[in-house]
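Taking my numbering, the leading residue of the sequence shown gets 1, the next gets one more, and so forth. Virtual Cβ for every residue (Gly too), placed ideally from N, Cα, C. Because the structure is a prediction, the values reported are computed rather than measured.
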Amino acid sequence: MPGIDRDRSCSTVDPPSIISGFEVAVLKSVLAMSAFVALVMSASVCAQTYDPRSPVCLHVFGELEGERMDCIFASFAQCQASASGRPATCLMNPYFAQAQSSRTGRRVR
1 MPGIDRDRSC STVDPPSIIS GFEVAVLKSV LAMSAFVALV MSASVCAQTY DPRSPVCLHV
61 FGELEGERMD CIFASFAQCQ ASASGRPATC LMNPYFAQAQ SSRTGRRVR
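Right, here's the structure in full:
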């Protein structure tokens with residue numbers, strides 16, 4: 001056919017796939033900072049689960065409600081009422097800070 005060059009091959013031009021050294025350095029520093037931030041944030045998640053203001057804690061366990069410690073109860077009866085029918089148990093709060101009795105400083109004779 002006239003006008004068609006059969007010897008000519010069709011070639012495509014690929015975009016350059018070379019990443020500069022600067023871009024690699026920036027990428028590495030961004031990844032390092034992301035890993036550091038993730039590490040710091042995961043460490044803060046492990047905070048104390050016991051509230052020192054309440055003497056009784058409810059330990060809830062199982063897949064249905066998730067595992068957690070709720071230290072919000074003033075008595076075992078209160079905690080047991082909340083634990084009834086659930087995968088939970090009541091415990092004494094090991095971090096409970098009892099209020100110290102205040103002394104007036106006067107002696108009774």
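CA-CA distance, LEU64 to THR89, rounds to 15 Å. Secondary structure note for ALA88: its beta strand (DSSP E) is the uninterrupted segment 88–92. Segment contact: the region 20–33 against the region 62–81, fewer than three CB-CB distances shorter than 8 Å; contact not assigned.
Note that the C-beta distance between VAL60 and ASP51 is not below 8 Å. Taking each of ALA74, GLN78 and PHE36 in turn and checking the Cα distance to GLN98, the smallest one comes out for ALA74.
At a Cβ-Cβ threshold of 8 Å, VAL56 and PHE36 do not count as neighbours.
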